[in-house]
Amino acid sequence: MTLRIFVPSDAAALSMGANAVATAVQAEIESRGMDAVLVRNGSRGLLWLEPLLEIETPDGRIGYGPVAAADVTTILAAGAAGAHPRKLGRVDAIPYLANQQRLTFERCGITDPLSLDEYSVHGGLKGLRRALDMTPADIVKEVIDSGLRGRGGAGFPTGIKWRTVLQTEAPQKYIVCNADEGDSGTFSDRMLMEGDPFALIEGMAIAGIATGASKGYVYIRSEYPHAFAQFNRAIAVAREKNLLGRGILGSSRDFDLEARLGAGAYICGEETSLLESLEGKRGQIRFKPPLPAISGLFAKPTVVNNAISLATVPVILAKGGGFYRDFGMGRSRGTMPLQLAGNIKRGGLVERAFGLTLREIIEGFGGGTWSGRPVRAVQVGGPLGAYWPTSLFDVPLDYEAFAAKGGMIGHGGIVVFDDTVDLAKQARFAFHFCAIESCGKCTPCRIGARRGAETMDKIMRGERVVQNIELVHDLCETMRDGSLCALGGLTPMPVVSAMEHFPEDFDRGAAHRAAAE
Amino acid sequence: MSSSTTDTLVRMANDISNFFRIQPEDQAVAGTADHIRRYWEPRMRAKMAEHLTHGGSGLNAIALKACERACKSVSSAPIYRGGT
Amino acid sequence: MSLHTGNGFEVIDRGTPERKSEKQVTLEIDGQSVTVPAGTSIMHAASLAGIQVPKLCATDSLEPFGSCRLCLVEIAGRNGTPASCTTPAESGMRVSTQTDRLARLRRGVMELYISDHPLDCLTCSANGDCELQDMAGAVGLRDVRYGYDGENHLDAVKDESNPYFTFDPARCIVCSRCVRACEEVQGTFALTIDGRGFASVVSAGMNEDFLDSECVSCGACVQACPTASLIEKTIVQHGQPQRSVITTCAYCGVGCSFEAELQGNSVVRMTPYKDGKANHGHSCVKGRFAWGYATHKERITKPMLRSSPKEAWREVTWDEALDHVASEFKRIQAKYGRGAIGGITSSRCTNEETYLVQKMIRAAFHNNNVDTCARVCHSPTGYGLKTTLGTSAGTQDFDSVNEADLIMVIGANPTDAHPVFASRMKRRIREGAKLIVIDPRQIDLVRTPHVAAMHHLQLLPGSNVAVANALAHVVVTEGLVNTKFISERCDPTEFEAWAQFVSREENSPEHVEKISGVPAPELRAAARLYAKGPNSAIYYGLGVTEHSQGSTMVIAMANLAMATGNFGRNGVGVNPLRGQNNVQGSCDMGSFPHEFSGYRHVSEDATRALFESAWGVPLDPEPGLRIPNMFDAAVDGTFKGLYVQGEDIVQSDPNTQHVAAGLEAMECIVVHDLFLNETAAYAHVFLPGASFLEKDGTFTNAERRLGRVRKAIPPMAGMTELDVICKLSTLFGYPMHYNHASEVMDEIARVTPTFAGVSFAKLDELGSVQWPCNEKAPEGTPVMHIGSFVRGKGRFVLTEYVPTDERTGPRFPLLLTTGRILSQYNVGAQTRRTPNIVWHDEDVLEIHPHDAENRGIREGDRVALVSRSGETSMRAHITERVQPGVVYTTFHHPESGANVVTTDYTDWATGCPEYKVTAVEVRLTNHESSWQERLDHLHRIQRIETVAAE
Amino acid sequence: MLKKHSPHFHDDWDPESARGIIEQYKGLEGPLLPILNALQERFGHLGDPAVRLVAEILNLTRAEVHGVVSFYHDYRREPAGRHVIKVCRAEACQSMGCEDLVGRLERALGIHLSETTHDRRVTLEEVYCLGNCALSPSAMVDGELLGRASEEKILAAVGEQA
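Protein chains in written order, with the working numbering: chain A, 234 to 750; chain B, 47 to 130; chain C, 749 to 1698; chain D, 7 to 168.
Here it is, written out as structure tokens:
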């Protein structure tokens, strides 16, 4: 039997030299005349181990990592049974992976991302085939029953959105996938599109059938050239194998989709701005109502869902809404692919049911900081998420529990900072980032972000600290309640949380006074 | 009386008749004549009348008949009969 | 943003546009109950309840945008503070517009605005007329805690390139009202926001100067700007106006309503009036900005006499001038007969003035030798529509286009000649209406940003009727006729004859292709589209009328519209786009030699009896001379005296040399005008006119709408045309006296059934009114022919294609057609005397690259333009807008002499000149034509002597 | 090869091939971004002639096209250097010292962020998140992602391909 050797083609793996490893593997296979084949899989999400090389054995896949090209000869010489300093043993037994509950990322890193047969063998297409035998209303009901909420950040129930689109009469409707994953600390959309693109395609096809939309767009940010290329290859395969196009999978339903590349605009992750961008316009925010579900892309009813939400749909349809709903806690149902990032020892993707605590994630999975210094702060939910001290680490991962503490889960990014972090600087950066990425439409965001950064500069210089902190609080109220969209509206979250939880970093007057004495 | 003005009138009459010529001849003649009576100042009709006394050269068949009908008695009472 | 001081017409900005809905919703705002149509914004609803929510980016001429965040409100039971401009009112809502939280938020937003704005209110041009200033006051901003040392735009460079307004980015609050106005209102899309975030700045084109950009200077952006960022240079120079007067623009037939804004007796700004029903607050570069001619130094303000056109002008008193005219005209009548004099009414003057001129001629001169410049433009419209439908006017109001599904533009160039209406048409097209253009030239509408014609039937000049017949052929032979409409509304026998006629092979698209050059499949596709509608509207211009078959074409269009049932409701009809401000009115007022006001023939005994009794004199039952026939009669020696009001016949009428010969044969020519125009070179008496700003009256636009002209400043020459005509008529032995123009309108109403309900009082009450306005339609008639045609049964008339006698041949192988451009107006007498000259300082000859190549002509070369009538010269512009074999020019500059080459072929029915088809040759030249040299000479004489007289 | 490794290299403007690119995409719904992306890919930047041509073919105004071009961080109105280094400055990379990395690169190249070296060899830019946040700090050199980026690693990437 032909031996299968896996080297990921995931962008994170590539960033650590996976291509050189793959080249070495290929060369080794040829020079040794091995009955072996190199498979470029997606990433398992154990990113600190990338490039992670795997050799398939009857007892499971044996992993090595992180692997350099120079290690390849010795690894293959020793064979899966032999010893090697980089050897990790059975990959699925590594606790980081073994302790996960992978539903959305079930196949990611396991299969060849561009093999539809493998996708099918590993449970793919079951959801779509089932959906093709259901009425649109029943599909929508299944998704509502699953309790799936938008994984992009807003947490709006996916099925409810679908129902609105289904009930809005129009000759043309659209499914738009938001893969403009711009939050620092997040990479799950990218990993999925690179590692299991058919899951997203299948999810979008199901959404199309459920709502009466025959056309889909996937909006991918330009910072993800690799994901864009990979996803386009997957679309080509899907069209060839009739997963997309006319009469998909031999049914009477049509669905096709197109991947579109952004051009550098964080704001286009906001759904209305994304729609403007897809239409070929400046990515400025549209006011709501009307909701995109009623008047979205080209003023047609449009489902706009995050890539992870859509990629989760196949498993819901395959195994039933109830199956998915059984995971999680409270109103946060199912699993959440969390991304451990920043100053962390074991960065990567962790998919778990809602309900575990930050401490379990950061200390348990993450293993503390990369630098080895104490954790001081963590920002959950991207640049608009709150900065939390370790005293909040026991809050369970749950939309409502996070909101109750002034934070948000967002897209599941968790960025860890060690004790060298200056929270005043981070608060200033929140304004600065908002200023850089503001679309410029509404006044609180357009001018407020700039003024916020300037006022933070004054605070950091020790100028009229008390008054300026008060001014920042007032500005935060103006931006939070006055902004047109979440960029301006949520920028106060990191600022206010930093001031609340780390006041010592803001009292520069005291610091200056101390320095002067 | 300049001949160029007469030429103009002949051309005008012919142009008018050319619009009506698609209709049966009696209607065409009547239409042309009516138009001339309604829109031509008496001097123009008088001048055309004089031209007719010299044979009305240049006028096509319909225009000739129409001018004979419309221009011969310039000083006669108003000819408007209503309708167009 | 304009003042509404003392004109009695206050206009409230409700922030968002009015919505129409059958469903009404009732909500409570600050404790007040208000009921509005579903879809109405909370802001608009509040305004209706008398509550003005603070706002900056919202204005009711634009769709809501939601950017300034001043208009936030609280709604009971809902989270957050939604913007009232973008949130629709819903039944049962309880809205608070004033709470402590909202006050804090609004102050917070204003504090941000002001942190990036100059603090020079007292010396700012917009001081007192600035919404930002108003809002800072309204929200109680007292302090900007950010200081003024942060990043800002205060050093941004001002753009002063446009002759009429400046753009100062330092004062810009990036509300995008200008950008949106350019898109939504004007439809030009010349503005955008450059960059994003704090760096966002309004940009014309690719960050170009306004003048170099795609901007057409319509003023919509300036109108929309809430600060001094976009502001008129006149306001910068003179300051804010003290009072304003609502009046009607004196340029094209759209008839825009304007506020003339004044300081003392000086106009400082003209702003489009928001409640104007023709323009709904929009304007174009001419009406909005090019009004400086009204006080141009070349205005003549004293009457002048001379014994012959070879002599110098001599300034005289009004009495001497009018005595002279009366005695000269009496002398001429005594010597040459009653019919030896006549007059021309002006399509630029008011209805009242026009009415009085024709009354003077009929009652005091005792003949019917009155004509108007409409003769040379839209007389075929009157004839053709009267013949088929029973009324000499367009069938719709402008608003009707909002419901058209298919728009067919024939021989008109609305974006240049009727820009304000073109903007509405373009908006409708952006909303999804389909467009067909029938024109020899690629006008802008064929393809311009966001607008593209489905079909451009690029026919050869002169083949209109053939093309219309081909469209009818398709409609009839492919069974696209609306038989129900025809059986109910039209004469069936005449329809049958017509159907048979158009079905003939000679009218088939395949045959007509050979005549017109339009591919048969295009003709067929266009006809199907038109017939399919469901609402198909025809808009046409002088490209239809100014042909030897102008009237035939008007009839053909009416036939086509009847056959497809496109009359009698919104969105359909046959609609002339009238050239001058009062072409419709001058025709309505009885300016034609054969008819009294209301289009009643002079030979109708009952009508004549009515006028004889009203005027107290016997009236001539015979039609009088038309303009071209006046020149013929002059050459013949039977026509010797002519009074010309507000028309430059030498420049605007065809075959200039024939016109000149006629004028030279006369003994007394009286020109009554603002400027020494080309005709004045042949005149014996010059009477100074009054501009539209100097008098009261009405204009009637292309949609039959009577709009008030109101006196804003006293007449510069001391007398208005109305005064002059009364005095002249009295001197002539027929006393006339009116205390006010309103008394003239009262008389018009008494003698004209279609105007029976019109009075100045009604116009003041309703703003404007569309005739017919009488007992049956006391508030006027926006759409005509509802239920039945005015003449009873719609009449199909056969329209055989009879080619013009003007033919190309070896000597004159090209066809010349003429038109106009946006920045200039008609013969340019007004616009040439304004900075509009920066956009068009000379007329050029457009020629196809192929024809240019054959003649060795390069871009910008001086070329001779030669026809059977004459020769002139101008510079060549090589462009594919014209097809091979066709050349095109404008006639805005007298030096160009476009009408030196046009012929004296005319429309068979009305004598309207065939401006649009002249066989010509074009060749390189290095000198002016002999005609142009003579013109230079004439100009020199005029100028020198005039200066000497001052 | 030069083109593959130097996507930002400025090729001379060629209206015919630009027209071909625009025509290829103009049938898409909302074709503007795909067209601008393709033109920038081909020519390295979007100069005035490109803006005019796109406007003409799509029947838009140049104001509209310029407005869009100026909105997105990626679009360049001027050509960049032959190599483009984008260093991530978002939070995850901040936590791993990206500000220090930016400072080192600025000193090593003698330019500030958003600038190009005199020899037009290298343009240094900031970017906010490359989606490689578990392997911070990250950078992208000519479209290739680098994890655990260091001054040495980045300059080597430029040097190798120079």
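For every residue, glycine included, the Cβ atom is placed at its ideal position computed from N, Cα and C.
Being a predicted model, the structure only gives us computed values, none of them experimental.
Of the choices the options, whose alpha-carbon is the least far from that of residue i?
i                       : options                           : result
residue 922 of chain C  : C/1642, C/978 and C/1201          : C/978
residue 329 of chain A  : A/386, A/660, A/572 and A/726     : A/572
residue 75 of chain D   : D/58, D/35, D/90 and D/89         : D/58
residue 1026 of chain C : C/1454, C/1237 and C/945          : C/1454
residue 1303 of chain C : C/1019, C/908 and C/1547          : C/1547
residue 1100 of chain C : C/1471, C/799, C/1522 and C/1365  : C/1471
residue 1184 of chain C : C/948, C/1202, C/898 and C/1191   : C/1202
residue 1091 of chain C : C/1216, C/1672, C/1496 and C/1373 : C/1373
residue 426 of chain A  : A/600, A/465 and A/319            : A/465
residue 629 of chain A  : A/615, A/608, A/592 and A/623     : A/592
Contact defined as beta carbons within less than 8 Å: I believe residue i pairs with residue j. What is the distance between those atoms, to the nearest angstrom?
i                       : j                       : result
residue 433 of chain A  : residue 543 of chain A  : 6 Å
residue 6 of chain D    : residue 151 of chain D  : Because chain D in this structure spans residues 7 to 168, residue 6 of chain D falls outside the shown range and cannot be described.
residue 1531 of chain C : residue 1148 of chain C : 6 Å
residue 789 of chain C  : residue 833 of chain C  : 6 Å
Under 9 Å between the Cβ atoms of residue i and residue j?
i                       : j                       : result
residue 1033 of chain C : residue 1439 of chain C : no
residue 65 of chain D   : residue 927 of chain C  : no
residue 1159 of chain C : residue 1288 of chain C : yes
residue 1563 of chain C : residue 1646 of chain C : no
residue 1604 of chain C : residue 1677 of chain C : no
residue 468 of chain A  : residue 475 of chain A  : no
residue 445 of chain A  : residue 646 of chain A  : no
residue 253 of chain A  : residue 310 of chain A  : no
residue 712 of chain A  : residue 386 of chain A  : no
residue 1330 of chain C : residue 1098 of chain C : yes
residue 1662 of chain C : residue 1627 of chain C : no
Note the first and the last residue of the continuous alpha helix (DSSP H) segment covering residue i.
i                       : result
residue 1625 of chain C : Run containing residue 1625 of chain C: none in the alpha helix (DSSP H); it sits in the beta strand (DSSP E), 1619-1626.
residue 1300 of chain C : 1298-1311
residue 595 of chain A  : Where residue 595 of chain A is concerned, there is no enclosing alpha helix (DSSP H), given that its DSSP letter is neither H nor E.
residue 851 of chain C  : 848-862
First and last residue of the beta strand (DSSP E) that includes residue i?
i                       : result
residue 621 of chain A  : 620-622
residue 1154 of chain C : 1154-1158
Please identify, using Cβ separations under 9 Å, the residues of the segment 648-681 of chain A that lie next to chain C, in order along the chain. Taking 9 Å as the Cβ-Cβ cut-off against chain C, the residues of the segment 648-681 of chain A that qualify are 667, 668, 669, 670, 671, 672, 673, 674, 675, 676, 677, 678, 679, 680 and 681.
Along the segment 62-74 of chain B, where does the CB come closer than 8 Å to a CB of chain C? Name the residues. 62, 64, 65, 67, 68 and 69
Tell me which residues of the segment 316-340 of chain A have at least one Cβ-Cβ distance to chain D shorter than 8 Å, keeping chain order. none
Short-range partners of chain C found in the segment 95-122 of chain B, where Cβ spacing is below 7 Å: none
Of the residues that make up the segment 1181-1198 of chain C, which ones have a beta carbon closer than 8 Å to any beta carbon in chain D? 1195, 1196, 1197 and 1198
Could you run through the segment 530-547 of chain A and flag, in chain order, every residue whose CB is less than 9 Å away from some CB of chain D? 530 and 531
Chain A contacts from the segment 1576-1610 of chain C (Cβ-Cβ distance under 8 Å): none
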